[in-house]
Structures are given as C-alpha cells and as structure tokens.
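Using the working numbering, you'd call the opening residue of the sequence shown number 9 and step up by one each time.
Glycine residues also receive a C-beta, built at the ideal position from the N, C-alpha and C atoms.
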Amino acid sequence: MDIEHIERHSVEELLANMRKVGMLTNPSLRVYENSTIELATMHTDEIAPAQRYVLVQEIMKVRELRWALAEHGVNLFKLDGYVTIRLKGYDDPIDVLPPVIEESVEADGSIVKILNDGMHRVYLARMERSPIQVVYVRDVPKEYPYYAFPLVNGWNDVEIVQDLPEGYIKKWHRIKNYKTLYRDFNTGFQNVGGPRGHFTNAGK
9 MDIEHIERHS VEELLANMRK VGMLTNPSLR VYENSTIELA TMHTDEIAPA QRYVLVQEIM
69 KVRELRWALA EHGVNLFKLD GYVTIRLKGY DDPIDVLPPV IEESVEADGS IVKILNDGMH
129 RVYLARMERS PIQVVYVRDV PKEYPYYAFP LVNGWNDVEI VQDLPEGYIK KWHRIKNYKT
189 LYRDFNTGFQ NVGGPRGHFT NAGK
C-alpha cells in the first residue's frame with residue numbers, strides 16, 4: 009500500500025464532524041448531534057462486537073494500512089483525531105477514523121459498549137494484544153439504537169473466514185427494516201472505509 013499524502017485532523021475536528029453524521033435513509037437526521045462524544049482508549053475485552061465474522065482479506069488489508077501509516081509516523085490504534093490519506097492510483101481522498109463505539113442499554117438491563125464501525129481494526133488490535141483509541145458515543149437517542157444486537161458470547165462468537173457462505177447470519181438485527189438504523193459516516197466525513205477491493209488480497 010502506497011500512501012502518497014497524509015493530512016492530520018485534530019480531536020476537535022473529529023468530534024465536530026461526528027455530530028454531523030446522519031442516517032443512511034435520512035441524512036438530515038443527525039443521530040449524534042446531542043450525544044456525549046469522547047475519544048477514549050479501550051481494551052478490546054471492553055468492546056462488544058455485533059458482527060459474527062472477520063474476513064481474511066479485510067484483516068490483511070487493515071494490517072497493511074497499519075504498517076503503511078506507521079511509515080508516516082501515524083499509529084492506527086492511536087490516531088489522536090483522524091487522518092485523510094491519498095493512495096497511489098486512487099484519486100479520491102480517504103478519511104481514516106478511530107473505531108466508533110456506542111453505549112447501548114439492552115432489554116436485560118445490561119449496558120454494553122457495542123462496536124458500530126471498525127470491526128477489522130478492533131480485531132487486529134485484539135490479535136496484537138493492543139489497546140485501541142476509539143470514538144465513544146453515549147446518550148444516543150433510544151429510538152435509534154445500533155441496528156444489531158451484541159453477540160451473546162462476545163468475541164468467542166467471532167470467526168475468521170475466507171468467504172461468507174450463502175445464508176450466513178452476519179448479525180442479529182433489532183428490527184425488520186434495520187437499514188433505517190444505519191449511520192452514514194460519509195455525511196460527516198469523506199470516503200470512509202473506501203476503496204473496497206482496492207488492495208491486494210494478501211491473505212490468499
């Protein structure tokens with residue numbers, strides 16, 4: 009992975025842009041506008057995943073990103089804000105944020121730190137036995153919870169897979185129209201998560 013340019017952004021910019029994040033089906037609804045948002049460092053054991061898998065090619069891609077950022081003096085697990093990167097051969101800038109964690113109150117009264125965005129980055133930190141800096145969001149409106157439930161057995165329910173078989177249950181959704189609960193981070197940032205499939209599948 010060849011990073012041609014990096015622009016750093018402050019914690020203040022990160023938190024301000026988080027408040028601009030809208031919903032995928034309703035971009036004008038800023039779900040975090042009045043939430044409590046902070047940059048926090050967590051051990052992965054504190055974080056509750058909702059996704060049952062990590063993909064080999066994605067975890068390898070994220071490791072490539074970690075190594076490439078390190079060559080520019082940037083720690084993927086401690087961004088202290090966020091960065092905008094430009095990759096050789098790819099025209100559009102890409103924003104790299106810390107993983108997003110939400111405080112979620114479940115029906116049994118448990119309060120969990122559910123992993124909203126950044127599954128592969130958090131799993132990489134777990135594999136490397138490293139704490140990771142995250143955006144921690146509390147006081148999310150109760151009518152807009154994260155769209156899936158936390159896994160019953162936490163990280164023990166997560167498997168590393170090469171491909172997903174047909175009919176594979178990725179997450180256990182809260183409601184039928186679960187996409188109405190999707191947060192669209194590209195309403196506050198640019199090209200988050202992209203470009204998909206741009207990097208070599210180093211896991212093959």
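- Decide if GLU110 is buried, meaning its Cβ has at least 16 other Cβ atoms within 10 Å, or exposed. Numbered from its first residue, the sequence shown carries residue 110 at position 102. Buried: at least 16 other Cβ atoms inside 10 Å.
- Query: Quick one: is TYR176 buried, meaning 16 or more other Cβ sit within 10 Å of its Cβ, or exposed?
  - Reply: Numbered from its first residue, the sequence shown carries residue 176 at position 168. Exposed, by the Cβ-count rule.
- Task: Rounded to whole angstroms, what's the CA-CA distance from ARG71 to LEU132? Just pull it up for me.
- Result: Translated into the one-based positions of the sequence shown, residue 71 becomes position 63. Translated into the one-based positions of the sequence shown, residue 132 becomes position 124. Each residue's Cα considered, the two are about 7 Å apart.
- Short check: CB of VAL19 to CB of LEU47, under 8 Å? By one-based count along the sequence shown, residue 19 stands at place 11. By one-based count along the sequence shown, residue 47 stands at place 39. Result yes, Cβ atoms of VAL19 and LEU47 sit closer than 8 Å.
- Message: Whole angstroms are fine: how far does the CA of TYR186 sit from the CA of ILE93?
- Response: In the sequence shown, residue 93 corresponds to position 85, counting from 1. In the sequence shown, residue 186 corresponds to position 178, counting from 1. Using only the alpha carbons, I get a separation of about 31 Å.
- Given 8 Å as the limit, is there contact between the stretch 182–202 and the stretch 75–82, that is, 3 or more CB pairs closer than that? Counting Cβ pairs under 8 Å, fewer than three are found: no touch.
- Message: Taking only three categories from DSSP, how would you classify LEU47?
- Response: Here the question's residue 47 lines up with position 39 in the sequence shown. LEU47: strand per DSSP, three-state reduction.
- Query: Taking DSSP as the reference, what is the three-state secondary structure of ILE14?
  - Reply: Counting from 1 along the sequence shown, the entry for residue 14 is found at position 6. Assigned with DSSP and collapsed to three states, ILE14 falls in strand.
- Between the beta-carbon of GLY89 and the beta-carbon of THR195, is there less than 8 Å? As a working note, residue 89 is residue 81 in the sequence shown. As a working note, residue 195 is residue 187 in the sequence shown. Not a contact, by the Cβ cut-off of 8 Å.
- Coil, strand or helix - ASN194 by DSSP: Position 186 of the sequence shown, counting from 1, holds the residue named residue 194. In the structure shown, ASN194 sits in a helix (DSSP, three-state: H, G or I).
- Message: Taking 8 Å as the limit between beta carbons, can you name the residues of its chain near TYR190, skipping five residues before and five after?
- Response: Here residue 190 corresponds to residue number 182 of the sequence shown, with the count starting at 1. Contacts found: MET31, LEU32, THR33 and TYR155.
- Message: Here's the rule: buried if 16 or more other CB atoms are within 10 angstroms of the residue's CB, otherwise exposed. What is THR52?
- Response: In the sequence shown, residue 52 corresponds to position 44, counting from 1. It counts as buried.
- For ASN164, the nearest candidate out of GLN59, GLY126 and GLU114 (CA to CA): As a first step, residue 164 is located in the sequence shown; it is residue number 156 there, counting from the start. That would be GLN59, whose Cα lies nearest to the Cα of ASN164.
- Message: Taking the beta carbon of LYS69 as the centre, do at least 16 other beta carbons fall within 10 Å, making it buried, or is it exposed?
- Response: Taking the first residue of the sequence shown as 1, we reach residue 69 at position 61. LYS69 should be labelled buried.
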